[in-house]
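>
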Amino acid sequence: MSGPVAAPDPAARATEARRAARAVVLTSESVAEGHPDKVCDYIADSILDAYLELDRRSRVACEVLSKSGIVVLAGEISSIATLDHVPLIREAVRELGYDDPETAFNADGLHVLQHITGQSWEIGRSVDPATNPVGEQGAGDQGIVFGYATAETPERMPLPILLAHALARGLAEDRRSGAYPWLRPDGKTQVSVAYEGGQPARVTEVLVSAQHAPDVDAGVVRHHVESVLAPRVLGRWFDDSIHFTVNPSGSFVKGGPGADCGVTGRKIIVDTYGGAARHGGGAFSGKDPSKVDRSGAYFCRYVARKAVEAAVAERIEVQVAYAIGVAEPVAIQVDTFGTGEPGAAADFVRGFDFRPAAIIERLDLLRPIYRRTTNYGHFGRPGLPWEE
Numbered sequence: 074m075s076g077p078v079a080a081p082d083p084a085a086r087a088t089e090a091r092r093a094a095r096a097v098v099l100t101s102e103s104v105a106e107g108h109p110d111k112v113c114d115y116i117a118d119s120i121l122d123a124y125l126e127l128d129r130r131s132r133v134a135c136e137v138l139s140k141s142g143i144v145v146l147a148g149e150i151s152s153i154a155t156l157d158h159v160p161l162i163r164e165a166v167r168e169l170g171y172d173d174p175e176t177a178f179n180a181d182g183l184h185v186l187q188h189i190t191g192q193s194w195e196i197g198r199s200v201d202p203a204t205n206p207v208g209e210q211g212a213g214d215q216g217i218v219f220g221y222a223t224a225e226t227p228e229r230m231p232l233p234i235l236l237a238h239a240l241a242r243g244l245a246e247d248r249r250s251g252a253y254p255w256l257r258p259d260g261k262t263q264v265s266v267a268y269e270g271g272q273p274a275r276v277t278e279v280l281v282s283a284q285h286a287p288d289v290d291a292g293v294v295r296h297h298v299e300s301v302l303a304p305r306v307l308g309r310w311f312d313d314s315i316h317f318t319v320n321p322s323g324s325f326v327k328g329g330p331g332a333d334c335g336v337t338g339r340k341i342i343v344d345t346y347g348g349a350a351r352h353g354g355g356a357f358s359g360k361d362p363s364k365v366d367r368s369g370a371y372f373c374r375y376v377a378r379k380a381v382e383a384a385v386a387e388r389i390e391v392q393v394a395y396a397i398g399v400a401e402p403v404a405i406q407v408d409t410f411g412t413g414e415p416g417a418a419a420d421f422v423r424g425f426d427f428r429p430a431a432i433i434e435r436l437d438l439l440r441p442i443y444r445r446t447t448n449y450g451h452f453g454r455p456g457l458p459w460e461e
């Protein structure tokens, strides 16, 4: 028979209550490269890169929809290059792992529908210095863009989105390795991190939905995620207290565009900061750098990262607003969330040139680099000019 239960220590209970009150849990998600929306993003960026390889001044704004065996490509493209889009689309889909002729969505069996026109002459006039009323490259559209950086990780990114991306990337690595032939291209990940005193303290929840072959038991998937993938990918953030949820719908056999319709530009929070910062609403993929939705957001991230590295602030968000056809931003706002002197931070940020032509030149954005950005986030990854 057990002895009497000791009364809880009031001081310890009070300490735990204060700790819980201080803790904030932030959650971010990522998706695998075979997710329907990411398939569309990858096709769009593959087409963009193909044009930039042949004509650095190409104006590209292409949108993609995918469902079952159909891919729809629509948008505006103006370039001296002439390309056959269908082989580019098939190759992009094949690279993502959709090459099984027995499935509804496979590279060689695609039916491609296209509706592409040239860029509007009014927009073209606005972004071309030769025809712009003030002789500068204006913004390709109005819009608000944000950049964010934090000192909480070496990548200057929020930890939850970094770990969610790492898990999604790990699924692809395991599938491509051949060691786990039952893995399929689609999947989603989600990570919750408890913060104490403004800093990440521990991972509390991990959710992974991994597409798999029909003959694979749910226990095999769970074991792989909990015992193979997570320990390898989470590194020092892995411990036995993490609560795992794996394929909560039961089985996940049917995936990708064969199961769900995909569209470009629907993973804008996955592409950026996982919800830790605001978003102006503009998507990235399929857009050449004359579109400030893309280039402006990249440069805001660049400036925010530089501010953190210069110890201007531990956290910073840079907001820039543009008007179509106008080179100079109409507004620049800076928020340090109480981690830096606001005036000094604003002065630091305003020392950068946010005009579209200056951004494109500084980051050398007229290169075919955009397929590399499509999966696992556009920020916090080495080898991208706004991360250097």
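First residue of the sequence shown? That's 74 in my numbering, and the numbers climb one at a time after it.
In this text, a Cβ means the ideal position worked out from N, Cα and C, and glycines have one as well.
Taking histidine 158 as part of the alpha helix (DSSP H), name the residues at either end of that continuous run.
Locating residue 158 in the sequence shown gives position 85, where the first residue counts as 1. Here the alpha helix (DSSP H) through histidine 158 covers 158 to 168.
> Give the DSSP-derived three-state secondary structure of aspartate 114 in the structure shown.
Residue mapping note: residue 114 aligns to position 41 of the sequence shown, counting from 1. Helix at aspartate 114.
> Between Ala380, Glu106, Pro258, which lies nearest to aspartate 173 when the distance is taken from Cα to Cα?
As a position in the sequence shown, residue 173 is number 100, starting the count at 1. Of the listed residues, the one whose Cα sits closest to aspartate 173 is Pro258.
> Do isoleucine 162 and valine 133 come within 8 Å of each other at the CB atom, strictly closer than that value?
Mapped onto the sequence shown, residue 133 falls at position 60. Mapped onto the sequence shown, residue 162 falls at position 89. Going by C-beta atoms, valine 133 is not nearer than 8 Å to isoleucine 162.
> Quick check on DSSP: helix, strand or coil for phenylalanine 372?
As a first step, residue 372 must be located in the sequence shown, where it is residue number 299. In the structure shown, phenylalanine 372 sits in a helix (DSSP, three-state: H, G or I).
> Tell me, to the nearest whole angstrom, how far the beta carbon of valine 393 is from that of glycine 413; I am working on the premise that it is less than 8 Å.
Numbered from its first residue, the sequence shown carries residue 393 at position 320. Numbered from its first residue, the sequence shown carries residue 413 at position 340. No, valine 393 and glycine 413 are not in contact; Cβ-Cβ is about 18 Å, not under 8 Å.
> Which runs of the alpha helix (DSSP H) spanning at least 4 residues fall entirely within the stretch 277 to 324, listed in chain order?
Segments of the alpha helix (DSSP H) lying fully in the stretch 277 to 324: 291 to 296, 303 to 307.
> In whole angstroms, what is the alpha-carbon distance linking valine 279 and serine 152?
On the sequence shown, residue 279 is found 206 positions in, with the first residue counted as 1. On the sequence shown, residue 152 is found 79 positions in, with the first residue counted as 1. Cα to Cα, the separation comes out at about 45 Å.
> Return the first residue and the last residue of the alpha helix (DSSP H) that histidine 238 is part of.
Residue numbering aside, residue 238 sits at position 165 when the sequence shown is read from its first letter. Start and end: 232 to 250.
> Could you check where the alpha helix (DSSP H) with glutamate 461 kicks off and where it finishes?
As a first step, residue 461 is located in the sequence shown; it is residue number 388 there, counting from the start. Note, glutamate 461: premise wrong, no alpha helix (DSSP H); not H, not E.
> Per DSSP, what are the beta-bridge partners of glutamine 187 in this structure?
On the sequence shown, residue 187 is found 114 positions in, with the first residue counted as 1. In the DSSP output, where bridge partners are listed per residue, glutamine 187 has Leu146.
> Would you list the residues sitting across from phenylalanine 219 in a DSSP beta bridge?
Taking the first residue of the sequence shown as position 1, residue 219 is located at position 146. In DSSP, phenylalanine 219 forms a bridge with Gln392.
> Are at least three pairs of beta-carbons, each pair with one atom in the stretch 268 to 285 and one in the stretch 311 to 323, less than 8 Å apart?
Verdict: yes, contact present.
> Quick one: is alanine 252 buried, meaning 16 or more other Cβ sit within 10 Å of its Cβ, or exposed?
Within the sequence shown, residue 252 is the residue found at index 179, counting from 1. Result: exposed.
> Are valine 407 and valine 391 touching if we call contact CB-CB under 8 Å?
For the purposes of this step, residue 407 is taken as residue 334 along the sequence shown, with counting starting at 1. For the purposes of this step, residue 391 is taken as residue 318 along the sequence shown, with counting starting at 1. Yes, they are a contact pair.
> Quick one: what does DSSP say isoleucine 120 is sitting in, helix, strand or coil?
Within the sequence shown, the letter at position 47 stands for residue 120. Helix at isoleucine 120.
> Spell out the partners DSSP gives isoleucine 405 in its beta bridges.
As a working note, residue 405 is residue 332 in the sequence shown. According to DSSP, isoleucine 405 bridges with Val393.
> With DSSP run on the structure shown, which of helix, strand or coil describes serine 358?
Within the sequence shown, the letter at position 285 stands for residue 358. DSSP places serine 358 in coil when its eight states are reduced to three.
> Please name the residue, chosen from Val159, Gly308, Asp247, that lies closest to alanine 123 on a Cα-to-Cα basis.
In the sequence shown, counting from the first residue as 1, residue 123 sits at position 50. It is Val159 whose Cα lies nearest to the Cα of alanine 123.
> For a quick check, are the C-beta atoms of glycine 137 and leucine 146 less than 8 Å apart?
Along the sequence shown, one-based indexing puts residue 137 at 64. Along the sequence shown, one-based indexing puts residue 146 at 73. One point to set straight first is that residue 137 is valine, not glycine, in the sequence displayed. Their beta carbons are under 8 Å apart, which means valine 137 touches leucine 146 by this criterion.
> Here's a check: name, in chain order, each residue in its chain whose Cβ is nearer than 7 Å to the Cβ of tyrosine 443, leaving out the five neighbours to either side.
One-based indexing of the sequence shown puts residue 443 at position 370. If we look at tyrosine 443 and ignore the five residues flanking it on each side, its Cβ neighbours are Asp118, Leu121, Asp122.
> Under a Cβ-count criterion, where at least 16 other Cβ atoms within 10 Å of its own Cβ denotes burial, should valine 98 be classed as buried or exposed?
In the sequence shown, residue 98 corresponds to position 25, counting from 1. Classification for valine 98: exposed.
> Going by the CB atoms, is the gap between valine 306 and serine 101 shorter than 8 Å?
Translated into positions along the sequence shown, residue 101 becomes position 28. Translated into positions along the sequence shown, residue 306 becomes position 233. Against a cut-off of 8 Å, the Cβ pair of valine 306 and serine 101 comes out as no contact.
> Assign valine 326 to one of two classes, buried (16 or more other C-beta atoms within 10 Å of its C-beta) or exposed (fewer than that).
Numbered from 1 along the sequence shown, position 253 holds the residue referred to as residue 326. When all chains shown are included, valine 326 counts as exposed.
> Are there 16 or more other CB atoms within 10 angstroms of the CB of alanine 79, so buried, or fewer, so exposed?
The count along the sequence shown starts at 1 and reaches residue 79 at position 6. Legend: pLDDT at alanine 79 = 49, less than 50; position of this residue unreliable, value from coordinates given subsequently. It counts as exposed.
> Pick helix, strand or coil for threonine 446, following the three-state DSSP scheme.
Stepping through the sequence shown from its first residue, residue 446 is reached at position 373. Three-state result, threonine 446: helix.
> Round the Cβ separation of glycine 329 and valine 112 to the nearest angstrom and send it over; I've been treating them as touching at under 8 Å.
Within the sequence shown, the letter at position 256 stands for residue 329. Within the sequence shown, the letter at position 39 stands for residue 112. Their Cβ separation, rounded to whole angstroms, is 7 Å, which keeps glycine 329 and valine 112 in contact under 8 Å.
> Applying the criterion that 16 or more other CB atoms from any shown protein chain within 10 Å of the CB defines a buried residue, is glutamate 175 buried or exposed?
Sequence index remark: in the sequence shown, residue 175 carries index 102 (1-based). With fewer than 16 other Cβ atoms within 10 Å, it is exposed.
> State the DSSP-derived secondary structure class of valine 274, mapped to helix, strand or coil.
As a first step, residue 274 must be located in the sequence shown, where it is residue number 201. Going by the sequence as given, residue 274 is alanine instead of valine. The answer is strand: DSSP assigns alanine 274 an E or B state.
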